[in-house]
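Residues in the sequence shown are numbered from 490 upward in steps of one, following this note's numbering.
Quick reminder that beta carbons are idealized off the backbone N, C-alpha and C, glycines included.
Predicted model only: the values in this text are computed from it and were never measured.
One structure is given below, encoded as structure tokens.
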Amino acid sequence: PAPEPKPETPAYPIKVAVKQEWKGPDSGVRDSRLVVIRNPQARDALWTEMQAKEPLPHVNFDRDILVAVFGGPRAAGAAIKLGRILERADDVVIPYSVSSPPVAVSSVALPSAGLSYPYLVSVISRVEKRIRLIQKEENP
Numbered sequence: 490p491a492p493e494p495k496p497e498t499p500a501y502p503i504k505v506a507v508k509q510e511w512k513g514p515d516s517g518v519r520d521s522r523l524v525v526i527r528n529p530q531a532r533d534a535l536w537t538e539m540q541a542k543e544p545l546p547h548v549n550f551d552r553d554i555l556v557a558v559f560g561g562p563r564a565a566g567a568a569i570k571l572g573r574i575l576e577r578a579d580d581v582v583i584p585y586s587v588s589s590p591p592v593a594v595s596s597v598a599l600p601s602a603g604l605s606y607p608y609l610v611s612v613i614s615r616v617e618k619r620i621r622l623i624q625k626e627e628n629p
């Protein structure tokens, strides 16, 4: 008899598409932070913390997850962008970059003029693997 065919293993890495995103120069989140959201309760809490003006995004968490990058205090005009997202055998790697260097913030109260707090929130297909957000250097 012929041997049983083995189930096909996907050829990794697999490119993962961003389905939708929200981004801007100023979120209510003031620290640098990387966030992966897998349920509506976490999304609701983050959206409230962000003080987002946009309506709460509808995300089907059975199919999708959110990944968010908060840049912390940056020079005005800073922006965050994602690189090519790759699903590998054991994880998903999401490279990102921030377009301007961090602004030094001292303990002395600084006027907030000239500062922004950029953010990027993206929807990707749900995976039950470790998500690794990795900062890449921005090319000048």
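Given that a residue counts as buried once 16 or more other Cβ atoms are within 10 Å of its Cβ, and exposed if not, what is residue i?
i: A567; result: buried
i: E576; result: buried
i: G560; result: buried
i: Y501; result: exposed
Taking residue i as the reference, give the member of the options with the closest Cα.
i: K512; options: P546, A534, Q530, N528; result: P546
i: G517; options: T498, R573, A500, A541; result: A541
i: V505; options: S521, A534, I574; result: I574
i: K570; options: S614, E510, A500, S605; result: E510
i: T498; options: A578, L604, S586; result: A578
i: S586; options: S521, A534, P502; result: S521
i: G515; options: E538, S614, N528; result: Rather than Gly, the amino acid found at residue 515 in this sequence is Asp. Among E538, S614, N528, the Cα nearest to that of D515 is on E538.
Closer than 6 Å by C-beta to residue i: which residues in its own chain qualify, once you throw out the five before and the five after it? Chain order, please.
i: K618; result: D580, V581
i: S589; result: R563, A564, A567
i: V524; result: A557
i: K508; result: V612
In whole angstroms, what is the alpha-carbon distance linking residue i and residue j?
i: Y608; j: P584; result: 15 Å
i: D553; j: P490; result: 42 Å
i: G603; j: R519; result: 14 Å
i: P529; j: V610; result: 14 Å
i: A534; j: I623; result: 24 Å
i: E690; j: I503; result: Since the first residue shown for the chain is 490 and the last is 629, residue 690 is missing from the structure and cannot be characterised.
i: Y606; j: W536; result: 15 Å
With a CB to CB cut of under 7 Å and the five nearest residues on each side skipped, what residues in its chain are close to residue i?
i: S596; result: At S596 the pLDDT is 44, less than 50, meaning the model places this residue with poor confidence and gives no usable figure here.
i: R532; result: I526, V548, L555
Excluding five sequence neighbours on each side, which residues of the same chain lie with their C-beta closer than 8 Å to the C-beta of residue i?
i: G572; result: I583, P584, Y585, S586, K625
i: R615; result: R527, F550, D551, R552, D553, I554
i: R621; result: D580, V581, V582, I583
Which ranges does the beta strand (DSSP E) cover as unbroken runs of at least 3 residues, wholly within the segment 553–598, from first to last along the chain? 553–560, 569–571, 574–576, 580–587
Which whole runs of the beta strand (DSSP E) in the segment 508–547 are 3 residues long or more, in chain order? 509–513, 521–526
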